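For the working numbering, add 844 to where a residue sits in the sequence shown, where the first one is 1. Note that CB positions come from ideal geometry on N, CA and C, so glycine has one too. This structure is a prediction, so every number in the text was calculated from the model and none was measured. The structure appears right after this line, and notes come after that.
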Amino acid sequence: MNIQLSEHFTYKKLFRFCLPSVAMMIFTSIYGIVDGFFVSNYVGKTAFAAVNLIMPFIIIMACFGFMIGTGGGALVAKTLGEGDKQEADRYFTMLLYLTLILGVIMSVLGAAFVRPISYFLGATDDMIEDCVVYGRIMNAFNMAYMLQYFFQSFFVTAGKPNLGFGVTIAAGMTNIVLDALFIAVFDWGVAGAAIASVIGQCVGGVLPIIYFLRPNKSLLRFKKTGLSVSPLLKACYNGSSELMSSVSASVVGMLYNFQLMKYSGENGIAAYGVVMYTQMIFSSIFLGYAVGTAPIVSYHYGAGNQAELKNMLKKGLSVMMIGGIIMMLTARGLASPLSKFFVGYDAELLEMTKYAFKIFAFSYMLFGTNIFASSFFTSLNNGGVSAAISFLRTFVFQAGAVLILPLMLAADGIWWAVTCAEAFALMVSAAFLISKRKKYRYF
């Protein structure tokens, strides 16, 4: 039975509705993880370090699709809640046009500047060619990556999270199978990893266009329309927190690489890459929940239903806090087997990775609540507050921590930086939720 955005959500109904979104985000994160596994084990740790060095730049170029999807999804869901389906379809179509236009621009820029960017990020002579090959192929198909992020949000807004899950499964399995074929069998190295990823992204980004162009049973459908600047700017502003979060996280990732090269060398970057793969999985669970609940919050905000806003906030905070504790314990328990999975071939690197895992795991208790708080304000179409939480959390606090803590704790300070930053961000999230309670009446 389909669950409608207009319904009252119990925990059971909420989990059923959000599960496909969580699964979508997990499978999207699999691209980099599968690439990393095959590159590390079949090409070597230098190539593995090169892929991790250039990955933040690739993510920055693609995250504009996430901005348009989350900000636009909140706008469209709010419009549906107000009862204007025709206008919602128009906004949906215009947002697709914007994604396609930006996708072309980002693809050209990313492919053209990948070599100087790689040197800027600290690539050594041994790493540079792998950085360029992987980065150039991935950025050339950036539009597909952006489209996949775009539709992850809109499948939920359209009331078809299960269909979105199916598309993401198809894209993820395509990537996994082709990684094994291109790297382990054909021995194409980092080029094979990149080609496998972009083919998977094409599956996840192009198939949804076909679905929404045809008559369908979802809440949304593409229709002929021109471009209106006002709703596009509003959607981009509202989604700016997600863009800022992704860009800031990538920039901070570059700072981590600089610091790790200084304190731990190439092994430090490789260890950080493994830790980040685990964080991608765990954060995708929290992010999937946030993406799944966002259209519900936006719909009821548009419909003026304060009781359901209270319900969604209470349940969201409870899920994130309990889930964070579970994930911290899980990450510490799995530190050894996960490290062996990626870098078991190198004893020194393995020990460094296991040690980093156990420290980094404490951050999982906190970041889910911060992700949800930022997403909640995006859903309320308050991009300013959402952006402030994201910017402080992912840039100001993390950049400060990764630059200052190593001066006192050496390499350990790098691994503790995220937990420190998330603790400060939690105080900011709590302050905004309390200060805005009278305006939105969710307490």
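{"Query": "Can you list, in chain order, the stretches of the alpha helix (DSSP H) that have 4 or more residues and sit fully within the segment 921 to 1007?", "Result": "929 to 956, 958 to 964, 972 to 984, 986 to 1001"}
{"Query": "Give the range of the alpha helix (DSSP H) segment to which Ile1259 is assigned.", "Result": "Checking the sequence, you will find Trp at residue 1259 rather than Ile. Where Trp1259 is concerned, the enclosing alpha helix (DSSP H) stretches over 1255 to 1279."}
{"Query": "Residues in its own chain within less than 7 Å of Ile847 by CB, not counting five upstream and five downstream?", "Result": "Lys857, Arg860, Phe861"}
{"Query": "Relative to the alpha-carbon of Ala1035, which residue among Phe1130, Ala891, Ser1062 has its alpha-carbon at the smallest distance?", "Result": "Ala891"}
{"Query": "Within 10 angstroms of its Cβ, does Lys1004 collect 16 or more other Cβ (buried), or is it exposed?", "Result": "buried"}
{"Query": "Tell me, please, whether the segment 1138 to 1154 touches the segment 1162 to 1179 by the rule of three or more beta-carbon pairs shorter than 8 Å.", "Result": "no"}
{"Query": "Buried or exposed: where does Met845 fall if 16 or more other Cβ atoms within 10 Å of its Cβ makes it buried?", "Result": "Its pLDDT being 48, under 50, Met845 is placed unreliably in this model, and the coordinates cannot settle the point."}
{"Query": "CA-CA distance, Leu1270 and Lys1078?", "Result": "27 Å"}
{"Query": "Within the continuous alpha helix (DSSP H) that includes Asn1082, where are the two ends?", "Result": "1073 to 1082"}
{"Query": "Which stretch, first to last residue, makes up the alpha helix (DSSP H) that contains His852?", "Result": "Counting along the chain, His852 falls outside any alpha helix (DSSP H), and DSSP gives it neither H nor E."}
{"Query": "Starting from the Cα of Ile1169, find the closest Cα among Gly966, Ala1205, Ala1147 and give me that residue.", "Result": "Ala1205"}
{"Query": "Ordered along the chain, which non-local residues of its own chain (more than five positions away) have a Cβ less than 6 Å from that of Ala1245?", "Result": "Ala1261, Cys1264, Ala1265"}
{"Query": "Indicate the three-state DSSP secondary structure (helix, strand or coil) for Pro1139 in the structure shown.", "Result": "helix"}
{"Query": "Under 8 Å: do the segment 1246 to 1253 and the segment 1193 to 1202 share three or more Cβ pairs, one atom per stretch?", "Result": "no"}
{"Query": "What would DSSP say about Pro900, mapped onto helix, strand or coil?", "Result": "helix"}
{"Query": "Going by beta-carbon coordinates alone, are Val1042 and Ala988 separated by less than 8 Å?", "Result": "yes"}
{"Query": "If you follow the alpha helix (DSSP H) that Ile1027 is part of, which residue opens it and which one closes it?", "Result": "Unbroken run through Ile1027: none, as it is neither H nor E."}
{"Query": "What's the C-alpha gap between Ala1267 and Lys929?", "Result": "41 Å"}
{"Query": "Can you say whether Phe1287 is buried or exposed, counting buried as having 16 or more other CB atoms within 10 angstroms of its CB?", "Result": "exposed"}
{"Query": "If we ignore side chains and look at the alpha-carbon of each, how far apart do Leu1051 and Val1011 end up?", "Result": "7 Å"}
{"Query": "In chain order, what residues of the same chain have a beta carbon less than 8 Å from the beta carbon of Tyr1143, not counting five sequence neighbours either side?", "Result": "Leu849, Ser850, Ala921, Lys922, Leu924, Gly925"}
{"Query": "Would you tell me roughly how many angstroms separate the C-alpha atoms of Thr1018 and Met982, rounded to the nearest one?", "Result": "16 Å"}
{"Query": "Where do the N-terminal and C-terminal ends of the alpha helix (DSSP H) with Pro1059 fall, by residue?", "Result": "Segment: none, Pro1059 is in no alpha helix (DSSP H) and carries neither H nor E."}
{"Query": "Tell me the rounded alpha-carbon separation between Cys1046 and Ala1015.", "Result": "8 Å"}
{"Query": "According to the neighbour-count rule (16 or more other Cβ atoms, all chains shown, within 10 Å of its Cβ), is Ser1074 buried or exposed?", "Result": "exposed"}
{"Query": "Taking the Cβ atom as the reference point for each residue, do Val958 and Gly979 lie within a distance shorter than 8 Å?", "Result": "yes"}
{"Query": "Determine whether the Cβ of Asn1082 lies closer than 8 Å to any Cβ atom of chain E.", "Result": "Reference to chain E is not applicable here, since this structure consists of a single protein chain."}
{"Query": "Helix or strand or just coil, what does DSSP make of Ala1202?", "Result": "This sequence places Lys at residue 1202; Ala is not what is there. In this structure, Lys1202 counts as helix in the three-state DSSP scheme."}
{"Query": "Does the Cβ of Ala1093 have 16 or more other Cβ atoms within 10 Å, making it buried, or fewer, making it exposed?", "Result": "buried"}
{"Query": "Between the Cα of Ile1039 and those of Asn986, Val1091, Lys1068, spot the shortest distance and give me the residue it belongs to.", "Result": "Asn986"}
{"Query": "Just reading off the alpha helix (DSSP H) that Thr1222 is part of, what are its end residues?", "Result": "1208 to 1223"}
{"Query": "Could you say which of Ile902, Phe908, Asp1023, Gln996 lies nearest to Thr955 if we only look at CA atoms?", "Result": "Per the sequence shown, residue 955 should be read as Ala rather than Thr. If we check each option's Cα against that of Ala955, Ile902 comes out closest."}
{"Query": "So what's Leu1178 in DSSP terms, helix, strand or just coil?", "Result": "coil"}
{"Query": "So for Lys1283, helix, strand or coil by DSSP?", "Result": "helix"}
{"Query": "So, at 6 Å on beta carbons, what are the nonlocal neighbours of Tyr1121 in its own chain, with the 5 sequence-adjacent residues on each side left out?", "Result": "Ile877, Gly880"}
{"Query": "CA-CA distance, Leu1104 and Asn1225?", "Result": "38 Å"}
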